[in-house]
Amino acid sequence: QWYTQLALLLLAQHALGDESKLAPWIAALPREFDTPYSWGADDVEALHYPHLAVAIAEQRAEWAKIHAAVHASGIGYSRKQLEWALHCVRSRAFSGAYEGSTPQQRIGLVGFIALLTVLYPLSGAGSWSDALSGAVAGLIFIVARDVISPRVLGLKRYVLCPLIDMLNHDGTVPSDVQYRVFSDTFCVTAEREVGTGDEVRISYGPRSNDQLLQYHGFVERGCVHDAYIMSAFLSHVDTACGVSDGALDRLERE
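Per mature numbering (1 follows the signal peptide of the UniProt record, and there is no 0), the sequence shown runs over residues -17 to -1, 1 to 237.
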């Protein structure tokens, strides 16, 4: 999973200590996370929300499997260390369109194609028209690999970016986090005026309060993307209405 890979990268940088160029940022990361993952059974039960309770149980089981797999591979991180990194990633990472290569790699590849385009006819191996045809084919390949294919296939890049990860969430704020291809940087654009001294917030995406609580440890008042998922709804209606067991369920299937 993408979050396991990012968590391991974060732990690798953390292990470097002051030698890591990310040391100041890592030092600023929270050490504890008050999310339902670490709550006791009574606290989870107090939510009175079976759907979220199931999601929390599944998260715990999945993270236990991740730790077992990491431990089996010989990587010596403790469960507590891995859970800390996973919490950081799940609460602070964002995603965007995937690019097949970096700007530097693209420039190098284009330069290599240009060099071959010149050397091919000069060496007598073929004509200029053949060389130009090959160059065009190479450029089309780059565009197809880095621009068209990721969008058609829906490929995503997951990122944990210092500073951007410290911006708080507001589901009503029009904002955009973009990757600038040619400068190889990430940029946050606030699509409405931000006054001096005002907090800059971004939207984490269409996340319900279920997701915000489970992975971020908070709920948003008036969350525009909120939804309450009712588990086994028909069975409760059966009981409340005095209908025989499973009658409404059978009616729905018919």
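Virtual Cβ for every residue (Gly too), placed ideally from N, Cα, C.
Exercise. Expressed to the nearest angstrom, what Euclidean distance is found between the alpha-carbon atoms of T168 and L195?
Worked result: 27 angstroms
Exercise. Around the C-beta of T100, are 16 or more other C-beta atoms found within 10 angstroms, so that it is buried, or is it exposed?
Worked result: Burial call: buried.
For this session: Taking Q(-5) as part of the alpha helix (DSSP H), name the residues at either end of that continuous run.
Result: W(-16) to A(-3)
For this session: Just grab the DSSP bridge partners of R184 for me.
Result: N151
Exercise. Are the stretch 88 to 95 and the stretch 17 to 30 touching, with three or more C-beta to C-beta distances below 8 angstroms?
Worked result: no
Exercise. In chain order, what residues of the same chain lie with their CB nearer than 7 angstroms to the CB of A68, ignoring the 5 residues before and after it?
Worked result: Cβ contact annotation for A68 (same chain, cutoff 7 angstroms, sequence separation greater than five): A(-11), L(-8) and L(-7), in chain order.
Exercise. Do you know whose CA, among N151, V53, R43 and K48, lies nearest E203's CA?
Worked result: N151
Exercise. Does the Cβ of C170 have 16 or more other Cβ atoms within 10 Å, making it buried, or fewer, making it exposed?
Worked result: exposed
For this session: Kindly give me the distance between the Cβ atoms of L143 and V72, rounded to whole angstroms, as I take these residues to be in contact under 8 angstroms.
Result: Going by Cβ atoms, the distance from L143 to V72 rounds to 6 angstroms, so yes, they are a contact pair.
Exercise. Exposed or buried, what is Q197 when buried is set at 16 or more other beta-carbons lying within 10 Å of its beta-carbon?
Worked result: buried
For this session: From the DSSP output, in three-state form, read off A173 for me.
Result: A173: strand per DSSP, three-state reduction.
For this session: Using the Cα positions of Y141 and A40, report the straight-line distance between them to the nearest angstrom.
Result: 25 angstroms
Exercise. Is DSSP giving Y20 helix, strand or coil here?
Worked result: Annotated three-state conformation of Y20 is helix, per DSSP.
Exercise. Just how far apart, CA to CA, sit H208 and V119?
Worked result: 46 angstroms
Problem set entry | Backbone secondary structure at R14 - three-state DSSP | Coil at R14, not helix or strand.
For this session: Going by CA-CA distance only, name the one from S166, V156 and G200 that's closest to G188.
Result: Nearest neighbour of G188 by Cα position, chosen from S166, V156 and G200, turns out to be V156.
Exercise. Would you report the Cα separation of M149 and H50, rounded to the nearest angstrom?
Worked result: Their Cα atoms are separated by approximately 27 angstroms.
Exercise. Identify the residues that DSSP records as bridge partners of S158: which are they?
Worked result: A173
Problem set entry | F201 in three-state terms, based on DSSP | Residue state, collapsed to three classes: coil.
For this session: With DSSP collapsed to three states, give me the class of V207.
Result: coil
Exercise. What does a CB cutoff of less than 6 angstroms around T172 pick up in its chain, not counting 5 residues either side in sequence?
Worked result: Setting aside the 5 residues that flank it on each side, T172 is surrounded in the same chain by D159, each with a C-beta closer than 6 angstroms to its C-beta; the list follows chain order.
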